[in-house]
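Since the structure comes first, as structure tokens, the remarks are kept for the end.
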Amino acid sequence: MAGRFNSLLNAASSVVCEKLNDAKLKRLADHKYSASGSTMLDFIMQKFWRWCIDNWIPEWWAPNAMTLVGLIVNVFTCSLMVYYSPDAKQDIPSYVLILAAIGLFIYQTLDACDGKQARRTKTSSSLGELFDHGCDAISTIFVSLSVCLSVQLGEYPNWMVVLCGGATSLFYIAHWQAYVSGTLKFGFFDVTEAQFTIIIIHLTSAIFGLSFWSNKIFGIELKIMAMIGVIGNECYLLFRDLKSILSGGAGKNGSTIAGTSILSPIIPLMLVYSFTLIIYSKSMSNAFVNYVAIYIITFGFVCAKITCKLVVAHMSKSEMSKMDTIFIGPLILFFNQYFNFYFDELTMLWIAFAYILLDFICFSYSTCRQLANHLRIYILTIRSVPNEMSSNNISSSSASTTTTTNGRHYGTRQHHSSRSSYSLLDDDDDNEKLAVQTETESLLQNSSTGSNHQTIQVPTTATTINLQHSSFKDTKEQMVKIDL
Numbered sequence: 001m002a003g004r005f006n007s008l009l010n011a012a013s014s015v016v017c018e019k020l021n022d023a024k025l026k027r028l029a030d031h032k033y034s035a036s037g038s039t040m041l042d043f044i045m046q047k048f049w050r051w052c053i054d055n056w057i058p059e060w061w062a063p064n065a066m067t068l069v070g071l072i073v074n075v076f077t078c079s080l081m082v083y084y085s086p087d088a089k090q091d092i093p094s095y096v097l098i099l100a101a102i103g104l105f106i107y108q109t110l111d112a113c114d115g116k117q118a119r120r121t122k123t124s125s126s127l128g129e130l131f132d133h134g135c136d137a138i139s140t141i142f143v144s145l146s147v148c149l150s151v152q153l154g155e156y157p158n159w160m161v162v163l164c165g166g167a168t169s170l171f172y173i174a175h176w177q178a179y180v181s182g183t184l185k186f187g188f189f190d191v192t193e194a195q196f197t198i199i200i201i202h203l204t205s206a207i208f209g210l211s212f213w214s215n216k217i218f219g220i221e222l223k224i225m226a227m228i229g230v231i232g233n234e235c236y237l238l239f240r241d242l243k244s245i246l247s248g249g250a251g252k253n254g255s256t257i258a259g260t261s262i263l264s265p266i267i268p269l270m271l272v273y274s275f276t277l278i279i280y281s282k283s284m285s286n287a288f289v290n291y292v293a294i295y296i297i298t299f300g301f302v303c304a305k306i307t308c309k310l311v312v313a314h315m316s317k318s319e320m321s322k323m324d325t326i327f328i329g330p331l332i333l334f335f336n337q338y339f340n341f342y343f344d345e346l347t348m349l350w351i352a353f354a355y356i357l358l359d360f361i362c363f364s365y366s367t368c369r370q371l372a373n374h375l376r377i378y379i380l381t382i383r384s385v386p387n388e389m390s391s392n393n394i395s396s397s398s399a400s401t402t403t404t405t406n407g408r409h410y411g412t413r414q415h416h417s418s419r420s421s422y423s424l425l426d427d428d429d430d431n432e433k434l435a436v437q438t439e440t441e442s443l444l445q446n447s448s449t450g451s452n453h454q455t456i457q458v459p460t461t462a463t464t465i466n467l468q469h470s471s472f473k474d475t476k477e478q479m480v481k482i483d484l
């Protein structure tokens, strides 16, 4: 059953997803994470997250699996809130609100610890960064929606759409800024502080009831004051990131790190926001109001996908494509309105939601799978992918060593009789591969007795790989150290 599901997923992914070429995969693999700035709670939380790594999280738990578990918990608890209040006007049981607060805290903790776990297990890789940002893009949808449900903001559905759309757009713009400057920047009040604020809101609603936010201070409802505060913070973050973008990029002549226009990423974002607002405002029924949570999640996944594509463009230093198959979902709703609502709006909303979700899953699976295959690692486990044994290798008299450094699988040596070889699983040119292989064979063959330690210098790389070589003529082990 699992194999059949993977086959179907691979088939769907090949239709809706871009195939990454070798050059792009190499740049993705070589990407180094760069971030600047610290937040208000970093000093305290870093100690807590380090304690979690040292005392709670087992070493065998893969970093990507940690992030995924946290995301599943967060999405599940937020989905419970949507189940009880799809229009953001209904009461939500206190235990659901408490679960939402706990779920967000679990996600925050695991998301913050995954990088530390990767360094602890020496499995850091560009796949981990890509996977982390993808999960953050999904989490942003549900976290921003959950706070609206927690204060019953469905009484002001227009503002609810703007607020949640602003949250997902800000996440996109933050990575747009990183695409321009090459560095992801954090402010004094950033994601960690926003998440703790939302946790406090959930707990307040659980203790005092959702009606608490309808109380007025100076004639203004508390929920309106909270909304004004959130939108004000969004405006500040928007101004900060746009200022950084417009100040010029790290590429040639002030371009992006990919050498493209610093304004080019605005096109997909404008398409998403235009579809979101136009379709919502032109609705002739109350379907999008009565199911505003589903509407926000639907368009949230559209924004999440273009954000992930922007992250891929940033990490691979390549141009971001402006159009995407995920826009078919909004077009379904748009043309249904254009042809005078031939089909029921709610039915079409669910169809669009299903298509967009499937498109996003296929894209995410395909992108992670391609990069994981290139790096010779698994996505959700720490083990590296073993190389296929050579056809002329006899299993009874062969030995192979595989080495994974920082989440990358670099190579294997196979030994048969008196012949040894080393093949490099990277994207260097064939001449360098041949030089390493030839020199290694020579060293191994010339070291027939005793134990020697020799070094080969290859100036174009920077990884040390130790290989064990056993001679059939001598039982003593010999070590060859290759500095790559």
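Position 458, counted from 1, in the sequence shown is what full-length UniProt numbering calls 458; the numbers after and before it change by one each time, with no gaps.
Where a beta carbon is used, it is the ideal one built from N, C-alpha and C, also for glycine.
Every alpha helix (DSSP H) of 4 residues or more that sits fully in the region 90–148 is shown, in chain order, as 94–120.
Residue environment for residue 347: exposed (fewer than 16 other C-beta atoms within 10 angstroms of its C-beta). Under the three-pair Cβ rule at 8 Å, the region 198–213 does not count as touching the region 53–62.
Here residue 50 is exposed, its C-beta having fewer than 16 other C-beta atoms within 10 Å. When DSSP reads this structure, residue 319 sits in no beta bridge, so it has no partner. Sequence-distant Cβ neighbours of residue 114 in its own chain, meaning closer than 8 Å and more than five residues away, are 63, 64, 66, 67, 128, 132. Note on geometry: alpha-carbon atoms of residue 218 and residue 227 lie some 16 Å from one another. Residue 195 and residue 19 have their C-alpha atoms some 35 Å from each other. Under the three-state reduction of DSSP, residue 261 is assigned to coil, being neither helix nor strand. When the Cα atoms are used, residue 104 and residue 253 turn out to be separated by approximately 42 Å.
The straight-line gap separating the alpha-carbon atoms of residue 173 and residue 266 is approximately 9 Å.
Under DSSP, no beta-bridge partner is assigned to residue 250. Contact annotation: the region 244–253 does not touch the region 116–123, with fewer than three C-beta pairs closer than 8 Å. DSSP places residue 255 outside both helix and strand once states are collapsed to three, so it counts as coil. Closest option to residue 263, judged by alpha-carbon separation, among 235, 358, 310: 310. Residue burial annotation: residue 74 is buried, with at least 16 other C-beta atoms found within 10 angstroms of its C-beta. In this structure, the straight-line span from the alpha carbon of residue 184 to that of residue 153 is close to 31 Å. With respect to the 8 Å criterion, residue 330 and residue 288 are not classified as neighbours on the basis of their beta carbons. Contact annotation, residue 231 with residue 163: C-beta distance approximately 6 Å; criterion of less than 8 Å satisfied.
Pairing residue 304 with residue 141 gives a Cβ-Cβ distance under 8 Å. Burial is judged here by how many other beta carbons sit within 10 angstroms of a residue's own beta carbon; residue 235 has fewer than 16 and is exposed. With a beta-carbon spacing of about 7 Å, residue 92 and residue 149 fall inside the 8 Å limit used to define contacts. Taking every protein chain shown into account, the CB of residue 22 has fewer than 16 other CB atoms within 10 angstroms, so this residue is exposed.
Listed in chain order, the non-local C-beta contacts of residue 155 below 7 Å within the same chain comprise 89, local neighbours out to five positions each way being set aside.
Taking the Cα positions, residue 177 is about 9 Å away from residue 246. Of the other Cβ atoms in all chains shown, fewer than 16 fall within 10 Å of the Cβ of residue 33; this residue is therefore exposed.
One alpha carbon belongs to residue 342, the other to residue 293, and they sit about 23 Å apart. For the set 187, 349, 379, 71, the Cα lying nearest the Cα of residue 37 is the one of 187. At a cut-off of 4 residues, the continuous stretches assigned as alpha helix (DSSP H) that sit fully inside the region 148–213 are 157–181, 191–208.
Within the DSSP secondary-structure output, residue 62 pairs in no beta bridge.
Taking each of 350, 167, 130 in turn and checking the Cα distance to residue 370, the smallest one comes out for 130.
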